[in-house]
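Numbered by my numbering, the letters in the sequence shown go through residues 8 to 666 in order.
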Amino acid sequence: MYLELKKRLEVRLRDVLKARYDLSLESIPVETPPELEFGELATPVAFELARKLRKAPKVIAQEIAAALGPLDGFVSFEVAGAGYINARLDRNGGVRMVAGWESPATAAGGVHSLVEHTSINPNKAAHIGHLRNAILGDTFVRLLRAAGQKVDVQNYIDNTGVQVADVVVGFLHVEGKSAADVRALLDDLRRKGERIDYYCWDLYAKTSQWYTNGTDAENEARKKLRYATLHELEQGNHETAEIAELISTAVLRRHLQTMLRLGIEYDFLPRESEILHLDFWALAFEQLKKTGVLYFENEGKNKGCWVMTRPGAEAADGETDEDAKVIVRSNGTVTYVGKDIAYHLWKFGLLGKDFGYKPFFTYPSHECWISSEKGEEPHPHFGGAQAIYNVIDSRQSDPQANVIQALRGMGHAEQADRYTHFSYEMVALTPRCAVELGYDVSEEDRGRTYIEVSGRKGFGVKADDLIDKLIGATRAEVDARQTGRDEAERQRIAEQIAIGALRYFMLKFTRNSVIAFDFKDALSFEGETGPYIQYAVVRARNIFRKAGLTPDGVLRDFSGTDAGGYLAAEGGEDIWALWLRAGRRRLVLEQCIATSEPAYLAKHAFQLAQEFNNFYHKHHILTEEDSARKILLLATAAVALRELVAVLAWLGIESPEAM
């Protein structure tokens, strides 16, 4: 409702400006006033026009307000202050719009988007930082789909990178295992119900220490061994690559199972090994040279390398550009950025080649496919997207910018404009949380705001351990409160609350904020938390359970009611404010997509729950004696419930029946 009326006002304002002043503005500013006493919408457009029209903003505002005339959904336009125009809505009409509102596709409908998220190195268990990436990405996918977009979800698997190489070094040289030994280990762990990703977690930390705990000569030799192993992984077709394939595939399956606990699913798993072996880079390299994006350096520190031309940074008088980005090293190896350029040409359908595809992981509603050198038929096709969103942490800003620069330099400006680096900051732990997880925290660290985690040092939080601990803490509360429910019901409720708490905690902070995770804060039923919002849903459902009514039935009965008198009367402002909040879902959806920021939706969900709880405590819904007012109160609760459930679903959070 709110978005529709806002756009309706923008259209009328645009028409008035054209008719009265022969002006066409690219955008018309329409805002939400801080208090209802100033109306429901307002525009400061008169201030923008003052210099151009050489009039006082207040005079311009008066002229515009007088010219607006009657507008469906609005009752009046008033000039306020030095030149604001405040718009007051038809409250009864607004309520009717919200009561019957269904979520249509927005103007973005029909766009084919590709969202890449999670992208965990398949060398050890997922950790708490990976959860922020996956939850952000999954939520944004839900938002794009709610807006009517076709979305492919990809999880890039770097199965030939240095982290996988480190684990392979661990198996081969720290533990002395062969490929046959690794196969036997996988079988043994499977029989015991133990996890390869946890095994590799410890081995990765042990190998990281092994690189530095010998003599200087030994450490130097071990580092050379590391890069020799990395080269063997890229080449493939020998025992080292076989071990990498066994381990990375087994760990990847564990990652997918971990993410499924959070309701996170994928469509396609492109692997770096196929990007290398299917010669994606060779095709991209030719395009980059042909368009002049790359040139061969004959002098300076980058001699013998292929480097990227930097717009506006060309060296003068034949001097070399020492700061140019190296894409192909002098030894012929391709940098990460080079492979990423090839991958993104494929994403946009600009490479001229495709992966092979094989089914890999079956979800209840669809199959997840993995890349292969030789695929199976029939199979889907991914790539060829119109818009790309890469959920990658902020430390990768420069490589992401390099890919965009390359696309633009190759003449793909439109694609470059539709390439979004969906960056985010790290997740740390509060000292209290670190202590609860069993870590030895020094007195100095106990005084810090947060403590950083490190997989290489073995100081980190495995994702599944965190989820298990959250469910365990929640289960104890559910068991105490829901004694009449059976074991399966109580476990289900505990999981819904725990997952909701985790997802909301990861989403409520803006992407570029560092998160200090804390169990107590995340699981609290008070304040800005997932459980607080879920409890508002349970409270609303209890109203209808006690009344013996359904929310849909109440809204049908309410459809012909004139509620304007009650909303304008004393005590009606908070009811109207709740309807307004409920009517903002589409507005918030567009805001989240335009800014790539799901935190706005999390804030909206909290504010909606907060306003519903205030409404619940202030009004005696079930004992209201005025039948017409009672149906308004019930309809208000029904709309709040409907919106809370819908918004939580967009956040990937389930709405429990009881808590």
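Glycine included, every Cβ here is placed at the ideal spot set by N, Cα and C.
For clarity, every value in this text was computed on a predicted model and none was experimentally measured.
Check, Outcome
"Secondary structure, beta strand (DSSP E): runs of 3+ residues fully inside the segment 497 to 556", "522 to 524"
"Inter-residue spacing [alpha-carbon to alpha-carbon] between residue 215 and residue 287", "32 angstroms"
"Nearest-angstrom beta carbon gap, residue 9 and residue 651 [assumed within contact, 8 angstroms]", "About 16 angstroms; that fails the 8 angstroms criterion."
"Supposed close pair residue 358, residue 290 - CB separation, criterion 8 angstroms", "6 angstroms"
"Contact check, residue 129 vs residue 166, beta carbons under 8 angstroms", "yes"
"Closest residue to residue 429 among 21, 22, 400 and 531 (Cα-Cα distance)", "400"
"Separation of residue 518 from residue 606, as counted between CA atoms", "8 angstroms"
"Under 8 angstroms between C-beta atoms of residue 229 and residue 221", "yes"
"Straight-line gap, residue 457 to residue 569 (C-alpha atoms, nearest Å)", "54 angstroms"
"CA-to-CA distance, residue 300 to residue 392, given in whole angstroms", "23 angstroms"
"Cβ pair count under 8 angstroms reaching 3, the segment 199 to 211 against the segment 146 to 159", "no"
"Exposure label - residue 25; buried when at least 16 CB within 10 Å", "exposed"
"Residues bridged to residue 38 (per DSSP)", "49"
"Sequence-distant residues of its chain with Cβ nearer than 6 angstroms to residue 666 (five each side left out)", "542 and 545"
"Buried versus exposed, by CB contacts within 10 Å (16 or more), residue 303", "exposed"
"Span of the beta strand (DSSP E) around residue 363", "363 to 369"
"Distance between residue 144 and residue 159 (C-alpha atoms, nearest Å)", "12 angstroms"
"CB contact flag (residue 454, residue 104, <8 angstroms)", "no"
"Residue(s) in a DSSP beta bridge with residue 123", "161 and 397"
"Length of the line joining the Cα atoms of residue 248 and residue 240", "5 angstroms"
"Beta-bridge pairing of residue 375 - partner residues as DSSP gives them", "368"
"Beta-ladder partner(s) of residue 95, from DSSP", "83"
"Span of the alpha helix (DSSP H) around residue 287", "287 to 297"
"Coil, strand or helix - residue 341 by DSSP", "strand"
"Beta-carbon proximity of residue 383 to residue 365, cut-off 8 angstroms", "yes"
"Host alpha helix (DSSP H) of residue 266 (start-end)", "246 to 267"
"Close-in-space but distant-in-sequence residues of the same chain around residue 85 (CB under 6 angstroms, 5 per side omitted)", "93"
"Cutoff 7 angstroms; reference residue 340; Cβ partners in own chain excluding five residues on either side", "none"
"N- and C-terminal bounds of the alpha helix (DSSP H) containing residue 26", "9 to 28"
"Local Cβ density within 10 Å of residue 351, reported as buried at 16 or more and exposed below that", "buried"
"Nonlocal neighbours in the same chain, by C-beta distance under 6 angstroms from residue 423, ignoring five residues either side", "411, 414 and 415"
"Inter-residue spacing [alpha-carbon to alpha-carbon] between residue 612 and residue 121", "26 angstroms"
"Classification of residue 18 by the beta-carbon crowding that lies within 10 angstroms, buried from 16 upward", "exposed"
"Under 8 angstroms between C-beta atoms of residue 141 and residue 266", "yes"
"Within 8 angstroms, strictly: CB atoms of residue 1 and residue 628", "No statement about residue 1 is possible, as the shown extent of the chain runs from 8 to 666 and does not include it."
"Span separating the alpha-carbon of residue 21 from that of residue 56", "13 angstroms"
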